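**Student:** Have a look at this one before I ask anything.
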Amino acid sequence: MRRMSPHRPSPAAPTDRETMAETPAEAPTAAVPQSADEIAAAAGARGLSILPECEAGVSANLALLARHARTMRQMPTATQA
């Protein structure tokens, strides 16, 4: 049976230590745009336009992203620690 070696990042890929050094331990939490006005403003600030037929999907995806962000920001429960 052939042994698989652990994955090693390519030389160009940053190491975990480099990535952690660039990301503060307590980075400010950005709010995910939720309302139609917030979404339009965020898209406009990035030079993006959202087609009218895509607005509902973009809104739904951002709502899901906000839900995941809330979950990730919560403290772990006793069973998760």
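Numbering (the numbering used here) for the sequence shown: 66 to 146.
Backbone N, C-alpha and C fix where the C-beta goes; we use that ideal spot for every residue, glycine too.
Source: prediction; values computed, not measured.
1. In chain order, which continuous runs of the beta strand (DSSP E) of length 3 or greater are located wholly inside the segment 96-132?
2. Could you give the distance in angstroms between the alpha-carbon of S124 and the alpha-carbon of Q139?
3. Just the C-alpha distance for L127 and V97, rounded to the nearest angstrom, thanks.
4. Suppose contacts are defined by Cβ-Cβ distances below 7 Å. Is I115 in contact with A106 by that definition?
5. Roughly how many whole angstroms lie between the Cα atoms of Q99 and T136?
**Tutor:** On the basis of the supplied data:
1. Given a length threshold of 3 residues, the segment 96-132 has no whole run of the beta strand (DSSP E) inside it.
2. Here residue 124 corresponds to residue number 59 of the sequence shown, with the count starting at 1. Here residue 139 corresponds to residue number 74 of the sequence shown, with the count starting at 1. Spanning the two alpha carbons is a distance of roughly 23 Å.
3. For the purposes of this step, residue 127 is taken as residue 62 along the sequence shown, with counting starting at 1. For the purposes of this step, residue 97 is taken as residue 32 along the sequence shown, with counting starting at 1. Cα to Cα, the separation comes out at about 7 Å.
4. In the sequence shown, residue 115 corresponds to position 50, counting from 1. In the sequence shown, residue 106 corresponds to position 41, counting from 1. No.
5. Reading the sequence shown from its first residue, position 34 is the one you call residue 99. Reading the sequence shown from its first residue, position 71 is the one you call residue 136. Whole-angstrom Cα-Cα distance: 16 Å.
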